[in-house]
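Same order as they appear, the protein sequences are chains A and B. At position 30 of the first sequence the residue is numbered 30 (this note's numbering), and the sequence of numbers has no breaks. At position 22 of the second sequence the residue is numbered 1022 (this note's numbering), and the sequence of numbers has no breaks. By construction, the Cβ of each residue, glycine as well, lies at the ideal position given by its N, Cα and C atoms. Small disclaimer: the values here were computed from a predicted structure and weren't measured. Inspection log for the structure reproduced underneath, given as structure tokens.
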Amino acid sequence: MEFNREFDASGMSCPGPVMRVQELLGGMQSGEVLRVITTDPGSIDDMATLAEASGHALLKHASENSKFVFYLRRA
Amino acid sequence: MTDMAHPAALVTWGGFVLALVFGAVANKSNFCIMGAISDVVNMGHWGRVRMWMLAVAVAIIGASLLQLSGLVDLSRSLYPRPTLPWLSLIVGGLCFGFGMTLAGGCANKNLIRLGGGSLRSLVVLVFVGISGYMTLKGLFGQWRATLLDPVSIDLAAFGLASASLPVLLARLTGLPASTALMVTAATISLALLAFVFRDARFRRNRLQVASSVILGLVIVGGWYLTGHLGYGENRETLETVYFATNSRTLESLSFVAPTAYSLELLMLWTDKSLRVTFGITSAAGVVLGSLAAAVATRRFRWEGFASLEDLCNQLVGAMLMGFGGVTAVGCTIGQGLSGLSTLALGSLLAVTGIIVGSWIAMQWLKRRL
């Protein structure tokens, strides 16, 4: 999946990744996609909640090599 | 098994089973009070706060019914005692709230994560236990006992038998104690239920609704177990006692001091004065309940520390949680569910401290990110 920007939050614990992702999405253009990599299992629920609360679309999430990868499209 | 041992065994095994349910449900529903605060502060999302408030409402209703029916005497628990150590409750709450945010979750969340395969949480819990034990009986305990606990208000001097909202209402209005309890419990729980179910999305989320009700009922179950089934005469001393609790009074779920007592028991196993208690088995029960849920839902996953910074944050957070959880007489579950279910004034102070501490930590984290 293509993306405009990437953020590697490996090593960050909840609530760090979601706080930073929200800030990054705020600085992107509508329709742009942010790829996020995390190691915290709590980020699975956090990213879904972020999408629900903010209107950004969680396009895809997957587990890759013991990391979690998310694609979020800016609302 | 002797007659005397029977209530103790009932309390410890009962605590284990209750906590097993608590751990499984909390894992499955992603119940997390730090996460709930974070959702509101960072995203304006109130879903998990509604979960927490629904569990509190159920716990208040259940605990009040137990009290009104005479099955337990909640005024004898740690939370509504007439001497209100307000500075300890506030400072402890602030430390706990700040610590749990640094550590990515409270003591309960780390027990749940441990069940899900997080060895990082195992290290966090060891440090919570060490810090908690130091605050119970060690260096931090000396600071707590000399600097914080003496700063208190003796509400007995104002005619209050215990530091709880119903007793305060009875004192101010002259209502009988049972009526004041009914009025207070009904008013607060109905207000919470109205807030919780006002949101259509939450009403439709059956997992979150059912989970919150179960978590609240587990707290009520803890009070019934230690306060009724575990209350009786010790055949050796002929004293009436609460069996198998570390506080020597009735308890429901709480996880900081029990983590410390679990470490103590493991390290001093041959000391025959030490016993397995409700708190110790409930801490173990949460881990195993969470493990069962993680395996059943295929979410079990080994996890370690990802970086040196992560390790530092977790250890500092764990030490703050251990100190804060003991100083505030409870954690997010101990004060945030069990304590609030007794309608204790001290629990309101401690929970406010936890929320504010967590908020301060989030503002600090935002600046660092």
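ask   = DSSP on S1273/B, reduced to helix/strand/coil?
value = Counting from 1 along the second sequence, the entry for residue 1273/B is found at position 273. Three-state result, S1273/B: coil.
message = Between N4/A and chain B, is the shortest Cβ-Cβ distance under 8 Å, so that the two count as touching?
response = Counting from 1 along the first sequence, the entry for residue 4/A is found at position 4. No, no contact with chain B.
Item checked: Neighbour list for E1309/B in chain A, Cβ cutoff strictly below 8 Å -> Looking up residue 1309/B in the second sequence gives position 309. Within chain A, the residues near E1309/B are G11.
Taking Cβ positions, are A53/A and G1104/B nearer each other than 8 Å? Against the first sequence, residue 53/A aligns to sequence position 53. Against the second sequence, residue 1104/B aligns to sequence position 104. No, they are not a contact pair.
When you compare each of T1083/B, L1111/B, A1194/B and L1147/B to A1163/B by their alpha carbons, which one comes out closest?
-> Your numbering for residue 1163/B matches position 163 in the second sequence. Of the listed residues, the one whose Cα sits closest to A1163/B is T1083/B.
- prompt: With 16 other CB atoms within 10 Å as the buried threshold, where does V1151/B fall?
  reply: By one-based count along the second sequence, residue 1151/B stands at place 151. Of the other Cβ atoms in all chains shown, fewer than 16 fall within 10 Å of the Cβ of V1151/B; this residue is therefore exposed.
Short of 7 Å in beta carbon distance, which residues of its chain neighbour I1061/B, apart from the five on each side in sequence? Order them along the chain.
For this step, residue 1061/B is matched to residue 61 along the second sequence. Within the same chain, I1061/B has close Cβ partners A1185 and S1189.
Considering only residues of the same chain and omitting the five flanking positions on each side of L1340/B, which have a CB-CB separation below 8 Å?
-> Taking the first residue of the second sequence as 1, we reach residue 1340/B at position 340. Hits under 8 Å: V1056, A1059, I1060, S1347, L1348 and V1351.
| request: Within the same chain, show all residues whose beta-carbon is closer than 6 Å to that of A1370/B, passing over the 5 residues directly before and after it, in chain order. | output: With chain B running from 1001 to 1369 in the structure shown, residue 1370/B is simply not present.
**Asked** So what does T1332/B bridge to, in DSSP terms?
**Response** Counting from 1 along the second sequence, the entry for residue 1332/B is found at position 332. Answer is none; T1332/B lacks a bridge partner.
If we cut at 8 Å on Cβ distances, does D40/A have a partner in chain B? As a working mapping, residue 40/A is identified with position 40 in the first sequence. Yes, contact with chain B.
Proximity test, Cβ basis, 8 Å: K1272/B and chain C: The structure shown contains no chain C; its protein chains are A and B.
Should the stretch 1024 to 1040 of chain B be regarded as contacting the stretch 1111 to 1118 of chain B, the criterion being three or more beta carbon pairs within less than 8 Å? Note that the stretch 1024 to 1040 of chain B touches the stretch 1111 to 1118 of chain B; at least 3 beta-carbon pairs, one per stretch, sit closer than 8 Å.
Check: If we cut at 8 Å on Cβ distances, does G55/A have a partner in chain B?
Finding: Numbered from its first residue, the first sequence carries residue 55/A at position 55. Taking Cβ atoms only, chain B never reaches closer than 8 Å to G55/A, which makes this a no.
**Asked** Does M19/A have its Cβ less than 8 Å from a Cβ in chain B?
**Response** Translated into positions along the first sequence, residue 19/A becomes position 19. So yes, M19/A belongs to the interface.
query = When the cut-off is 8 Å and only beta carbons count, does H1228/B lie next to chain A?
reply = Sequence index remark: in the second sequence, residue 1228/B carries index 228 (1-based). No - not a single Cβ of chain A is within 8 Å of the one on H1228/B.
* To do: Kindly indicate which three-state DSSP category D8/A falls into: helix, strand or coil?
  => Residue 8/A sits at position 8 when you count from the first residue of the first sequence. Under the three-state reduction of DSSP, D8/A is assigned to strand.
Just the C-alpha distance for S30/A and D8/A, rounded to the nearest angstrom, thanks. Taking the first residue of the first sequence as 1, we reach residue 30/A at position 30. Taking the first residue of the first sequence as 1, we reach residue 8/A at position 8. CA-CA distance, S30/A to D8/A, rounds to 21 Å.
- [ ] Let me know if E23/A comes out buried or exposed under the rule of 16 or more other beta-carbons within 10 Å of its beta-carbon.
- [x] In the first sequence, counting from the first residue as 1, residue 23/A sits at position 23. Exposed, because fewer than 16 other Cβ atoms sit within 10 Å of the Cβ of E23/A.
**Asked** Secondary structure at S63/A, three-state DSSP: helix, strand or coil?
**Response** For the purposes of this step, residue 63/A is taken as residue 63 along the first sequence, with counting starting at 1. Strand at S63/A.
Review point. Residues of chain B with CB under 7 Å from G16/A, in chain order?
Key: Position 16 of the first sequence holds residue 16/A. At a beta-carbon threshold of 7 Å, the residues of chain B lying near G16/A are L1365 and L1369, ordered along the chain.
**C-beta contact flag for G1285/B and A1107/B at 8 Å** = Taking the first residue of the second sequence as 1, we reach residue 1285/B at position 285. Taking the first residue of the second sequence as 1, we reach residue 1107/B at position 107. Contact: no.
### Query
Can you list the residues of chain A that S1290/B reaches, using a CB-CB cut of under 8 Å?
The sequence position of residue 1290/B within the second sequence is 290, counting from 1. Simply none; closest approach about 12 Å.
Using a C-beta to C-beta distance shorter than 8 Å, which residues of chain A count as neighbours of N1313/B?
Walking along the second sequence from the start, residue 1313/B turns up at place 313. Ordered by position in chain A, the residues that pass the 8 Å Cβ test against N1313/B are S13.
Beta-carbon contacts of I1355/B that lie in its chain and below 7 Å, excluding the five residues immediately before and after: For the purposes of this step, residue 1355/B is taken as the residue at position 355 of the second sequence. So the qualifying residues of the chain are I1037 and G1097.
Name, please, each residue of chain B whose Cβ falls closer than 7 Å to the Cβ of L50/A. For the purposes of this step, residue 50/A is taken as residue 50 along the first sequence, with counting starting at 1. Listed by position along chain B, the residues whose Cβ is nearer than 7 Å to that of L50/A are M1043.
Quiz prompt | Residues sharing a beta bridge with T1245/B, DSSP | solution = Stepping through the second sequence from its first residue, residue 1245/B is reached at position 245. Answer is none; T1245/B lacks a bridge partner.
Straight-line gap, V1196/B to Q1208/B (C-alpha atoms, nearest Å): On the second sequence, residue 1196/B is found 196 positions in, with the first residue counted as 1. On the second sequence, residue 1208/B is found 208 positions in, with the first residue counted as 1. Approximately 11 Å, taken between the alpha carbons.
Is E1251/B close to chain A? Criterion is C-beta to C-beta, closer than 8 Å. Looking up residue 1251/B in the second sequence gives position 251. So, not an interface residue.
**Study point:** Continuous alpha helix (DSSP H) stretch holding V1128/B: start and end
**Key:** As a working note, residue 1128/B is residue 128 in the second sequence. Per DSSP, the unbroken alpha helix (DSSP H) holding V1128/B starts and ends at L1119 to K1137.
Less than 8 Å between the C-beta atoms of L1229/B and M19/A, yes or no? Position 229 of the second sequence, counted from the first residue, corresponds to residue 1229/B. Position 19 of the first sequence, counted from the first residue, corresponds to residue 19/A. For the 8 Å CB-CB criterion, L1229/B and M19/A do not form a contact.
(message) Using a Cβ-Cβ distance cut-off of 8 Å, determine whether R1301/B contacts chain A.
(response) For the purposes of this step, residue 1301/B is taken as the residue at position 301 of the second sequence. Chain A, which has a Cβ nearer than 8 Å to the Cβ of R1301/B, makes this yes.
ask   = Shorter than 8 Å from the beta carbon of D45/A to some beta carbon of chain B?
value = For the purposes of this step, residue 45/A is taken as the residue at position 45 of the first sequence. At least one chain B Cβ lies under 8 Å of D45/A.
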